[in-house]
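A.B. asks: The structure is given below, and queries will be raised subsequently.
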Amino acid sequence: MRKDIFSYFTRNKTIPGEIAVIGIVLISTFVFWSPFLLRATSWFGLTIPSSNFLYIYRHYDGPLYAVVAKTLYKPELIERFILDIKFANEYFAAHLPLYPLLIRLFAPIFNYSKSTIFVNITVTLALAVFFYNLVRQFKLTKSPLALTFVFLMLPRFLIVRSVGAPESLFIMLVLLSLFFFEKKHYLLAGLFGGLSAMTKTPGVLLFPAYLLVFADKLFFERREAESRSNNLISSRQARTINWNKLFILLIPLGLISVFYFYQIQYNDFFAYFKSGDNIHLVSPFAAFNSSARWVGTAWLEDILFYFFLYLMAVITLKDFKYRSFFYFSLVFFTATIFIQHRDISRYSLPLWPMAVIAFERFFTSKKFLIGLILLLPAIYLYSWNFSLTNMLPVSDWTSFFTK
């Protein structure tokens with residue numbers, strides 16, 4: 005009888021599942037950091053000039069969020085911030101405030117650059133533990149620890165959860181909103197959804213997803229009412245309004261509050277839409293355009309694989325018990341195919357937990373887990389190589405390292 009190597013310890017009560025998840029996050033992160041912590045200039049064939057931890061601090065878009073955290077979008081403070089590249093003041097409006105506010109909260113303890121990392125790692129730990137408990141509580145898998153490991157090791161996600169980036173925070177808030185929505189705690193679903201929209205603008209897509217759930221349920225109830233003998237009573241029951249559902253209005257209100265903050269700081273409510281070439285929604289499959297500014301290459305076959313994976317996840321979730329998971333995946337995938345950017349793997353990350361849940365049997369199978377473990381060296385080599393190129397040039401760290 006074979007043993008599940010990932011659930012062995014938790015099944016035999018030697019290590020609590022949450023502790024194992026925390027261990028996976030910390031160990032995998034420190035492995036990613038290892039060449040920079042060790043100041044290795046040569047690392048498994050990679051050349052790392054002047055290797056140090058500044059590589060992690062410089063990874064896009066961490067330094068830009070540090071700028072926002074320190075200046076809170078005030079143009080006069082942005083202009084005094086020491087940067088090698090001159091950005092327009094409005095450019096920073098593309099970096100929404102919730103993650104920078106958390107950075108600012110911990111900056112007096114560390115500094116702004118270190119705080120970008122501390123906040124992201126802390127949030128990633130919370131996200132991993134929550135995902136583990138989510139799939140357990142909803143009984144979405146028999147191997148929650150193995151599924152959480154798979155969730156954490158997507159190569160692009162491994163990178164963004166180990167540097168300064170808002171993706172872990174965004175995904176956690178989206179999952180929290182979906183979780184409480186399915187529990188019918190609409191106030192909390194709206195609150196966390198609103199916070200997600202204050203982290204990254206696609207968080208607002210939860211709102212149409214929830215509207216589709218309500219429409220789906222209303223259609224089902226009316227059809228069920230028509231099939232009953234007492235149509236009058238049943239129809240009245242179907243028309244009963246749960247006013248708590250109005251709390252999902254907190255989701256667009258979260259984004260509106262960001263725009264209002266921009267009105268205060270920039271004196272421009274619509275500053276986000278004037279942040280430069282940062283709104284990438286163009287047309288279906290617009291990423292396949294090598295001449296586009298944010299594409300710049302014809303080597304795009306990996307994007308097809310992401311589209312195929314996430315489309316299959318949407319199709320698989322069509323009859324899923326938890327309807328918000330399906331409709332959020334549908335709405336988010338539809339928006340994703342309009343993005344004209346090379347980095348679809350990052351923009352589509354909120355779909356990754358949905359895909360992991362949709363294909364949990366495959367992802368927790370012995371064959372897949374063996375394959376994933378055998379490919380871990382390739383995943384890390386990809387991540388290290390990527391981190392050597394995706395950096396903001398910084399020659400003077402004074403503004404970043406002050407508290």
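For the sequence shown, my numbering gives the first residue as 5, with consecutive numbering after it.
The C-beta atom is built at its ideal place from N, Cα and C for all residues, glycine as well.
Using only the alpha-carbon positions, how far apart do residue 319 and residue 328 sit?
C.D. replies: On the sequence shown, position 315 is the one that residue 319 refers to. On the sequence shown, position 324 is the one that residue 328 refers to. Answer to the nearest angstrom: the Cα atoms are 14 angstroms apart.
A.B. asks: Pull up the distance between the alpha-carbon of residue 404 and that of residue 112, whole angstroms please.
C.D. replies: Sequence index remark: in the sequence shown, residue 404 carries index 400 (1-based). Sequence index remark: in the sequence shown, residue 112 carries index 108 (1-based). Residue 404 and residue 112: Cα-Cα distance of roughly 12 angstroms.
A.B. asks: DSSP three-state label for residue 50, please.
C.D. replies: Indexing the sequence shown from 1 puts residue 50 at position 46. Of the three classes helix, strand and coil, the one that applies to residue 50 here is strand, per DSSP.
A.B. asks: I'd like to know if the region 381-388 and the region 193-200 are in contact, where contact means that at least 3 CB-CB pairs between them fall below 8 angstroms.
C.D. replies: Judged by Cβ distances under 8 angstroms, the region 381-388 makes no contact with the region 193-200, as fewer than three pairs qualify.
A.B. asks: Tell me the DSSP secondary structure of residue 157 in three-state form.
C.D. replies: By one-based count along the sequence shown, residue 157 stands at place 153. Here residue 157 sits in coil by DSSP.
A.B. asks: Just to confirm, is the Cβ distance from residue 67 to residue 52 under 8 angstroms?
C.D. replies: As a working mapping, residue 67 is identified with position 63 in the sequence shown. As a working mapping, residue 52 is identified with position 48 in the sequence shown. Result no, Cβ atoms of residue 67 and residue 52 do not sit closer than 8 angstroms.
A.B. asks: Which same chain residues, not among the five before or five after residue 70, have their C-beta less than 6 angstroms away from its C-beta?
C.D. replies: Locating residue 70 in the sequence shown gives position 66, counting from the first residue. 116, 117, 120 and 404, listed in sequence order.
A.B. asks: Quick check on residue 397: buried or exposed, where buried means 16 or more other Cβ atoms within 10 Å of its Cβ?
C.D. replies: Residue numbering aside, residue 397 sits at position 393 when the sequence shown is read from its first letter. It counts as exposed.
A.B. asks: Closest by CA to residue 48, which one among 25, 365, 213 and 383?
C.D. replies: For the purposes of this step, residue 48 is taken as residue 44 along the sequence shown, with counting starting at 1. Answer by Cα proximity: 383.
A.B. asks: Relative to the C-alpha of residue 281, which residue among 400, 289, 167 and 99 is closest?
C.D. replies: Numbered from 1 along the sequence shown, position 277 holds the residue referred to as residue 281. It is 99 whose Cα lies nearest to the Cα of residue 281.
A.B. asks: Which residues does DSSP list as the beta-bridge partners of residue 395?
C.D. replies: Locating residue 395 in the sequence shown gives position 391, counting from the first residue. DSSP, once it has assigned bridges, lists 63 as partnering residue 395.
A.B. asks: Count the CB pairs spanning the region 162-172 and the region 121-132 that are closer than 8 angstroms, and state whether there are at least three.
C.D. replies: The answer is yes - the region 121-132 touches the region 162-172, with three or more Cβ pairs under 8 angstroms.
A.B. asks: If I'm right that residue 376 touches residue 157 with Cβ under 8 angstroms, what's the distance once you round it to whole angstroms?
C.D. replies: Residue numbering aside, residue 376 sits at position 372 when the sequence shown is read from its first letter. Residue numbering aside, residue 157 sits at position 153 when the sequence shown is read from its first letter. About 7 angstroms separates the two Cβ atoms, so the contact holds.
A.B. asks: Assuming residue 2 is part of the alpha helix (DSSP H), what are its boundary residues?
C.D. replies: Because the chain is modelled from 5 through 407, residue 2 falls outside the range shown and cannot be assessed.
A.B. asks: Classify residue 331: buried if its beta carbon has 16 or more other beta carbons within 10 angstroms, exposed otherwise.
C.D. replies: Walking along the sequence shown from the start, residue 331 turns up at place 327. Buried.
A.B. asks: Could you give the distance in angstroms between the alpha-carbon of residue 41 and the alpha-carbon of residue 73?
C.D. replies: Numbered from 1 along the sequence shown, position 37 holds the residue referred to as residue 41. Numbered from 1 along the sequence shown, position 69 holds the residue referred to as residue 73. When rounded, the distance between both Cα atoms is 25 angstroms.
A.B. asks: Is the region 249-269 touching the region 206-216 in the sense that three or more CB pairs, one from each, lie closer than 8 angstroms?
C.D. replies: The region 206-216 is in contact with the region 249-269.
A.B. asks: In its own chain, which residues sit with a C-beta less than 7 angstroms from the C-beta of residue 186, not counting the 5 before and 5 after it?
C.D. replies: As a first step, residue 186 must be located in the sequence shown, where it is residue number 182. Cβ within range, chain order: 326 and 328.
A.B. asks: Any idea if residue 176 is buried or exposed, counting beta-carbon neighbours within 10 angstroms, 16 or more meaning buried?
C.D. replies: The residue given as residue 176 occupies position 172 in the sequence shown. It counts as buried.
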